[in-house]
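Numbering (the numbering used here), first residue to last: 17 to 471. Backbone N, C-alpha and C define an ideal beta-carbon position, used for all residues, glycine too.
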Amino acid sequence: MSNNTSDGKAWKLFNSVHPYFPAESRNVHLGLCTEGFNPFGSFAAPYSCWPVILTVYNLPPGMCIWPEFMFLSTVILDPSSPGWNIDVCLRLLIDELTQLWSSGALTYDISRKQNFLMRAALMWTINDFPTYGMLSGWSTHGKLACPYCMENNKAFTLANRGKASFFDCHRRFLPLNHRYRKNRKDFFVGRVEKDVASPRLSSEELHDVVSEYGDIVFDLQSGKQKFPGFGLTHNWVKRSIFWELLYWKTNLLRHNLDVMHIEKNMFENIFNTIMDVKGKTKDNIKATLDIALYCNRKNMKLVYDESGVAKPRVSFVLEKNAQLLVYKWLKSLHYLDGHASNISRLVNIEDCRLYGMKSHDCHVFMQILIPLAFCDLLPKGIWDALMEISHFFRDICSSKLNVDHIERCRTLAAERGVATIPQLVLGSFLLLCKKESPPSIWSLGTLTGLSEILR
């Protein structure tokens, strides 16, 4: 059972590499969180506010998120996002963190009535996927957006949607004798997977790679500066300022993704596709055209008749009357005070849509409501997959992470023919839909986000 960050592998590895740091129990482990938002609301003029918050992990888990123990170190204000120039705004913070690690700060311990030399170390950052690129220096856009596979992935651009897709990139992680590797029909048509998973760079190796790139001059034109080979052999846009921390190259986890963002993305992809929300569903005309190019799914070809072009009906999309039942059920829901917001106010039955869903609303819906909403409306195999996804997020969002549950997920992943837990979560929905899902649903933000949760 794991109920604290100190139980994780990253924490233990850091203490073993720097044994003198945990020798003083009063030394501080820190985490950095940042996120941009418009302080004037979504309907106001564009403006960007980026609070940079430090969290102390020496406290009990429940106290780490108390406002009085979270330090607002920097506030970045600008009409637009700081982008790559965020390093300029973090300069003073990095200098202070470097000083706290190298020479420490003389601090008074009121419980022991004595002074001591306190040191501090930044363990990792926590943010969403676009901010991941801003802080790490590896651009999270395009076909090389995955910060782990880097240039060794098989992403491609969809012919009709024009977006990068990671469809059928997972088979290389399977055992060499796995039956899916020779399957020419259910994945990328005609492809036999012979490649193996690319080796993952260690922190020290990654530091050596980053050190080869020169400095970026941060100014109004810095966003247009690119290293040779960008987008072809690498996606580096800068050498992140965090590498200046002497211990950063020894950290096992440097940048983490916020699970609430990932959960919101998962919910929107699943719900909008099942409910066939216009403009939001991943199962649209362009996706169907892409399926005809890359997949052998005859039951998902466009239907041409006198009225025009129509999408074929697939098993994971509800009929109109079933959609109305779901929205009417959501409209009638009531919750205990403090459990969730009033989701019924976000339901528009006439438009058959949900409006104004916040991250916590998606969190509640994903873990509690999705299995209930679709239990009698979807085929059993698809509903079972949704149950697995719901239980997965419920496990990792619990105050205590049960290691046995994680191992059970890994075992189930092997039985399903997928290599990792993230592929199991999204793959559960895809594979149990008889592989009818469009390639566009394999978005990097969701796949990489799920990978980051458990690293």
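Restricting to Cα atoms, I'd like to know which of the options is closest to residue i.
{"i": "D367", "options": "F332, H407, A401 and K294", "result": "K294"}
{"i": "V44", "options": "K129, L138 and P98", "result": "L138"}
{"i": "R188", "options": "A180, R197 and T156", "result": "R197"}
{"i": "S96", "options": "L113, M86, P62 and L116", "result": "P62"}
{"i": "F381", "options": "T90, V342 and I365", "result": "V342"}
{"i": "A303", "options": "G178, W140 and N74", "result": "G178"}
{"i": "L276", "options": "P98, G78 and S414", "result": "Note that residue 276 corresponds to Met in the displayed sequence, not to Leu. Nearest option by C-alpha distance: S414."}
{"i": "K170", "options": "E260, S214 and E279", "result": "S214"}
{"i": "I405", "options": "I286, P395 and Y263", "result": "I286"}
{"i": "E209", "options": "N288, E279, S218 and L190", "result": "L190"}
{"i": "C311", "options": "D184, F85 and W66", "result": "D184"}
{"i": "K265", "options": "I92, K296 and V225", "result": "V225"}
{"i": "N20", "options": "G245, P76, R313 and F132", "result": "P76"}
{"i": "H194", "options": "D211, S181 and L318", "result": "D211"}
{"i": "N31", "options": "H379, K344, K327 and Y263", "result": "Y263"}
Just the C-alpha distance for residue i and residue j, rounded to the nearest angstrom, thanks.
{"i": "R410", "j": "L402", "result": "12 Å"}
{"i": "N13", "j": "G47", "result": "Past the boundaries of the shown model lies residue 13; the chain is included only from 17 to 471, so the question cannot be answered."}
{"i": "V363", "j": "L385", "result": "14 Å"}
{"i": "F87", "j": "L349", "result": "38 Å"}
{"i": "K298", "j": "L370", "result": "16 Å"}
{"i": "G149", "j": "V253", "result": "9 Å"}
{"i": "F408", "j": "K28", "result": "25 Å"}
{"i": "L305", "j": "N176", "result": "7 Å"}
{"i": "D125", "j": "K242", "result": "49 Å"}
{"i": "M291", "j": "T90", "result": "42 Å"}
{"i": "L116", "j": "L346", "result": "51 Å"}
{"i": "A389", "j": "E220", "result": "48 Å"}
{"i": "M134", "j": "R42", "result": "7 Å"}
{"i": "S375", "j": "R128", "result": "43 Å"}
{"i": "K450", "j": "L393", "result": "Residue placement at K450 is flagged as unreliable, the pLDDT there being 38, under the threshold of 50; the coordinate-derived value follows with that caveat. Roughly 17 Å separates the two Cα atoms."}
{"i": "N272", "j": "W140", "result": "7 Å"}
{"i": "P395", "j": "Q339", "result": "15 Å"}
{"i": "K314", "j": "S152", "result": "43 Å"}
{"i": "F332", "j": "T289", "result": "8 Å"}
{"i": "I245", "j": "I301", "result": "Note on identity: in this sequence residue 245 is Gly, with Ile being the wrong assignment. Near 34 Å, if we compare the C-alpha coordinates of I301 and G245."}
{"i": "I278", "j": "Q383", "result": "13 Å"}
{"i": "G206", "j": "R361", "result": "48 Å"}
{"i": "M79", "j": "Y73", "result": "9 Å"}
{"i": "C105", "j": "G57", "result": "24 Å"}
{"i": "L255", "j": "N131", "result": "It should be pointed out that residue 255 corresponds to Arg in this sequence rather than to Leu. Approximately 38 Å, taken between the alpha carbons."}
{"i": "N251", "j": "H157", "result": "8 Å"}
For residue i, which of helix, strand or coil comes out of DSSP?
{"i": "Y73", "result": "coil"}
{"i": "Y124", "result": "strand"}
{"i": "A26", "result": "helix"}
{"i": "L93", "result": "strand"}
{"i": "P67", "result": "strand"}
{"i": "S32", "result": "helix"}
{"i": "N101", "result": "helix"}
{"i": "M316", "result": "helix"}
{"i": "A180", "result": "strand"}
{"i": "G47", "result": "strand"}
{"i": "A356", "result": "coil"}
{"i": "T297", "result": "coil"}
{"i": "F203", "result": "coil"}
{"i": "M166", "result": "coil"}
{"i": "F87", "result": "strand"}
{"i": "F53", "result": "strand"}
{"i": "P438", "result": "Because P438 carries a pLDDT of 42, less than 50, the predicted location of this residue cannot be relied on, and the following value inherits that uncertainty. In this structure, P438 counts as helix in the three-state DSSP scheme."}
{"i": "K451", "result": "Summary for K451: the model assigns pLDDT 42, below 50, so the residue's position carries little reliability; its value from the coordinates is reported in the next sentence. In the structure shown, K451 sits in coil (DSSP, three-state: anything other than H, G, I, E or B)."}
Tell me which residue opens and which closes the alpha helix (DSSP H) that residue i is part of.
{"i": "N281", "result": "V275 to I290"}
{"i": "Y196", "result": "Taken as a continuous stretch (DSSP letters only), Y196 belongs to no alpha helix (DSSP H), as it is neither H nor E."}
{"i": "A326", "result": "Per DSSP, A326 belongs to no alpha helix (DSSP H); it is in the beta strand (DSSP E), G324 to A326."}
{"i": "D306", "result": "I301 to Y310"}
{"i": "V330", "result": "Where V330 is concerned, there is no enclosing alpha helix (DSSP H), given that its DSSP letter is neither H nor E."}
{"i": "A338", "result": "K336 to K347"}
Between which two residues does the beta strand (DSSP E) carrying residue i extend?
{"i": "T114", "result": "No beta strand (DSSP E) contains T114, which is instead part of the alpha helix (DSSP H) from R107 to S118."}
Spell out whether any CB of chain D is found under 8 Å from the CB atom of residue i.
{"i": "V275", "result": "Given the protein chain composition of this structure (a single chain), no chain D is represented."}
Report the start-end ranges of each alpha helix (DSSP H) in the segment 214-265 that is 4 residues or longer and not cut off at the edges.
Entirely contained in the segment 214-265, the alpha helix (DSSP H) runs reaching 4 residues are, in chain order, 219-227.
Hey, which unbroken runs of the alpha helix (DSSP H) at 4 residues or more fall wholly within the segment 361-422?
Taking only runs of at least 4 residues, the alpha helix (DSSP H) segments lying wholly in the segment 361-422 are 375-380, 386-389 and 396-412.
My parser needs the beta strand (DSSP E) runs of 3 or more residues fully inside the segment 127-155; what are they?
130-134 and 136-143
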